[in-house]
Amino acid sequence: MKITVIGTGYVGLPTGVGLAELGNDVVCLDIDENKINTLKSGKVTIFEEGLEELFKKNTENGKVRFSTSFAESIPQADLVILAVGTPPNPITKEADMKYIKAAAESLAHHLQGYTVIAVKSTVPVNTGTAVENIVRQVNPTAEFDVISLPEFLREGFAVQDFFNPDRIIVGANTQRARDLIAELYAPFKDKSTILYVSRQSSETIKYASNAFLAMKIQYINEMADFCETSGADIYEVAKGMGLDSRIGAKFLVPGPGYGGFCFPKDTNAMAYMGKFNGVDLSLIETTIKSNERRKINMAKRILDMVDDVKNPTIAVLGSAFKGGTDDCRESPALQIIEIMLAHDVQIRLYDPQAMDNTKAILKDMITYCNSAYEAIGGADVLAVLTDWPEFKELDLSRIKQLMKRPQIADYRNTFDCTEAKNLGFEIKSLGRKL
Ligand code: UDX
Numbered sequence: 042m043k044i045t046v047i048g049t050g051y052v053g054l055p056t057g058v059g060l061a062e063l064g065n066d067v068v069c070l071d072i073d074e075n076k077i078n079t080l081k082s083g084k085v086t087i088f089e090e091g092l093e094e095l096f097k098k099n100t101e102n103g104k105v106r107f108s109t110s111f112a113e114s115i116p117q118a119d120l121v122i123l124a125v126g127t128p129p130n131p132i133t134k135e136a137d138m139k140y141i142k143a144a145a146e147s148l149a150h151h152l153q154g155y156t157v158i159a160v161k162s163t164v165p166v167n168t169g170t171a172v173e174n175i176v177r178q179v180n181p182t183a184e185f186d187v188i189s190l191p192e193f194l195r196e197g198f199a200v201q202d203f204f205n206p207d208r209i210i211v212g213a214n215t216q217r218a219r220d221l222i223a224e225l226y227a228p229f230k231d232k233s234t235i236l237y238v239s240r241q242s243s244e245t246i247k248y249a250s251n252a253f254l255a256m257k258i259q260y261i262n263e264m265a266d267f268c269e270t271s272g273a274d275i276y277e278v279a280k281g282m283g284l285d286s287r288i289g290a291k292f293l294v295p296g297p298g299y300g301g302f303c304f305p306k307d308t309n310a311m312a313y314m315g316k317f318n319g320v321d322l323s324l325i326e327t328t329i330k331s332n333e334r335r336k337i338n339m340a341k342r343i344l345d346m347v348d349d350v351k352n353p354t355i356a357v358l359g360s361a362f363k364g365g366t367d368d369c370r371e372s373p374a375l376q377i378i379e380i381m382l383a384h385d386v387q388i389r390l391y392d393p394q395a396m397d398n399t400k401a402i403l404k405d406m407i408t409y410c411n412s413a414y415e416a417i418g419g420a421d422v423l424a425v426l427t428d429w430p431e432f433k434e435l436d437l438s439r440i441k442q443l444m445k446r447p448q449i450a451d452y453r454n455t456f457d458c459t460e461a462k463n464l465g466f467e468i469k470s471l472g473r474k475l
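Once you know that position 168 of the sequence shown is 209 in the numbering used here, the rest is easy, because the numbers rise by one and skip nothing.
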């Protein structure tokens with residue numbers, strides 16, 4: 042099948058390369074000339090486990106190409122996937138549809154033959170209808186269907202999630218569009234459920250799922266806080282809860298709050314849609330507030346550990362919003378660093394992948410280190426804010442020798458509390474017996 046994917050970001054690029062790997066002829070289209078030139082030069086523009094190998098293989102065999110031209114990329118396509126950004130409006134937090142609308146208008150001019158236009162970006166309910174109206178208006182004779190094809194990729198697992206989707210949700214109102222998608226995802230029919238629903242239901246499933254997952258994370262974070270006051274252990278509690286199939290064991294890991302470009306954006310967008318439609322989505326609104334409060338609380342806990350030190354040095358491990366990615370968008374780690382920088386502190390940071398993205402935001406406000414141990418050297422307190430697996434391999438004895446004071450704020454529960462205490466550390470963590 043000939044496919045054009047519009048948008049080469051965290052969703053578009055893995056999707057385009059993945060579809061090429063399935064044997065389709067793919068063009069990845071973006072208006073960002075720099076990004077396309079980088080991709081054309083053979084350099085992957087995002088860090089994702091396993092993406093580089095697939096990217097190289099499918100660019101070398103010509104299954105995926107890159108372009109900035111709608112005129113070149115749309116006419117031959119059987120399927121056009123919209124994977125452009127829907128950033129939050131800074132004031133209302135509603136999803137900004139300018140990129141979706143611009144892409145719909147640009148592609149409409151070049152449609153030839155029957156084409157399915159699939160909106161993969163996370164968009165407000167009824168966006169499919171808006172896109173349909175734009176295309177119809179620009180090109181009244183075009184033969185097309187607009188469907189909703191939401192993405193459920195997790196950053197850091199984009200390739201794994203692409204080839205092992207729990208489910209494929211298709212919001213399509215015509216059989217012809219459903220048949221094309223059935224052909225596209227035929228390779229997955231034995232290992233995934235393809236669910237056909239209305240376009241509006243598909244658009245709602247995406248938001249409802251992300252908002253629920255965000256709420257589940259904040260729920261376990263609040264349970265962790267409760268465990269700290271009751272002597273319970275959050276991992277025992279999470280294990281006991283997770284054995285109930287109605288709850289499920291995943292997404293019950295406490296942390297400094299949820300981040301990334303999706304959960305914060307999607308919970309705010311859903312809350313906005315509720316307000317706009319006059320529906321009380323109080324659980325989602327409470328989740329948003331709880332998450333904001335948590336990051337402030339985490340920063341305060343770290344600062345309290347060094348409130349007796351003038352101009353303390355804080356070593357921070359991790360600035361990405363989670364381990365496995367270089368993405369710092371809405372990163373709790375970054376927000377906690379920014380809160381602490383409002384106080385008289387020195388911050389030394391190490392993150393395995395997110396240093397460049399962090400420098401673009403914090404510039405020279407902190408010290409950037411080339412290793413965890415370099416960041417830890419001379420620190421009054423060590424704060425672990427991103428769950429990078431490599432941090433679990435650090436040697437606590439060596440950390441103790443390097444630090445000015447043996448204090449750890451372990452907000453990703455990276456270290457063994459007992460081992461740390463036996464070495465003489467004061468260690469604070471989340472929801473664990475100390
Ligand atoms: C999320 C959804 O999981 C994915 O389905 C959707 O397509 C995009 O948004 P992503 O934002 O990449 O994916 O990251 P995810 O792995 O869901 O984590 C989001 C945030 O929640 C991170 O800050 C992570 O550290 C945090 N988290 C996640 C927890 O604190 N505890 C958990 O148990 C899981």
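Glycine residues also receive a C-beta, built at the ideal position from the N, C-alpha and C atoms.
Residue i CB to nearest heavy atom of the ligand UDX below 8 Å
| i | result |
| --- | --- |
| P295 | yes |
| G373 | Looking at the sequence itself, residue 373 is Pro, so the reference to Gly does not match. Result yes, Cβ under 8 Å from the ligand UDX. |
| S250 | yes |
| I77 | no |
| E192 | yes |
| L344 | no |
| I122 | no |
| F111 | no |
| D285 | no |
| N262 | yes |
| D428 | yes |
DSSP three-state assignment for residue i, whether helix, strand or coil
| i | result |
| --- | --- |
| R217 | helix |
| Y51 | coil |
| L123 | strand |
| D186 | strand |
| Y248 | helix |
| D266 | helix |
| K474 | coil |
| A273 | coil |
| G359 | coil |
| V278 | helix |
| V211 | strand |
| V347 | coil |
| V58 | helix |
| R455 | With the sequence shown as reference, residue 455 is identified as Thr, and Arg is not the correct amino acid for it. Coil at T455, not helix or strand. |
Beta-carbon separation (whole angstroms), residue i vs residue j, contact threshold 8 Å
| i | j | result |
| --- | --- | --- |
| E62 | N99 | 6 Å |
| M256 | I325 | 7 Å |
| K134 | Y299 | Actually they are not in contact, since the Cβ atoms of K134 and Y299 sit about 16 Å apart, beyond 8 Å. |
| L426 | F456 | Not quite, the Cβ-Cβ distance comes to about 13 Å (not below 8 Å), so this is no contact. |
| V357 | L390 | 5 Å |
| T399 | L375 | 7 Å |
Residue interval of the beta strand (DSSP E) (run including residue i)
| i | result |
| --- | --- |
| K469 | 467-470 |
| V450 | Inspection of the sequence shows that residue 450 is occupied by Ala rather than by Val. Where A450 is concerned, the enclosing beta strand (DSSP E) stretches over 448-451. |
| V67 | 66-70 |
| T234 | 234-238 |
| A461 | Not the beta strand (DSSP E): A461 falls in the alpha helix (DSSP H), residues 458-463. |
Endpoints, the alpha helix (DSSP H) within which residue i is located
| i | result |
| --- | --- |
| F292 | It is not in any alpha helix (DSSP H) - F292 carries neither H nor E in the DSSP assignment. |
| K230 | Looking at the DSSP string, K230 is not in any alpha helix (DSSP H), and its letter there is neither H nor E. |
| T308 | 304-318 |
Next on the checklist: Quick check on the DSSP output: what are the complete beta strand (DSSP E) runs of length 3 or more inside the segment 79-118, in order along the chain?
Outcome noted: 105-108
| query | What runs of the beta strand (DSSP E), each 3 residues or longer, lie entirely inside the segment 364-445? | reply | 387-391, 422-425
Check your understanding: In the segment 121-209, which residue ranges form an unbroken beta strand (DSSP E) of at least 3 residues, counting only runs that do not cross its ends?
Key -> 156-160, 185-189
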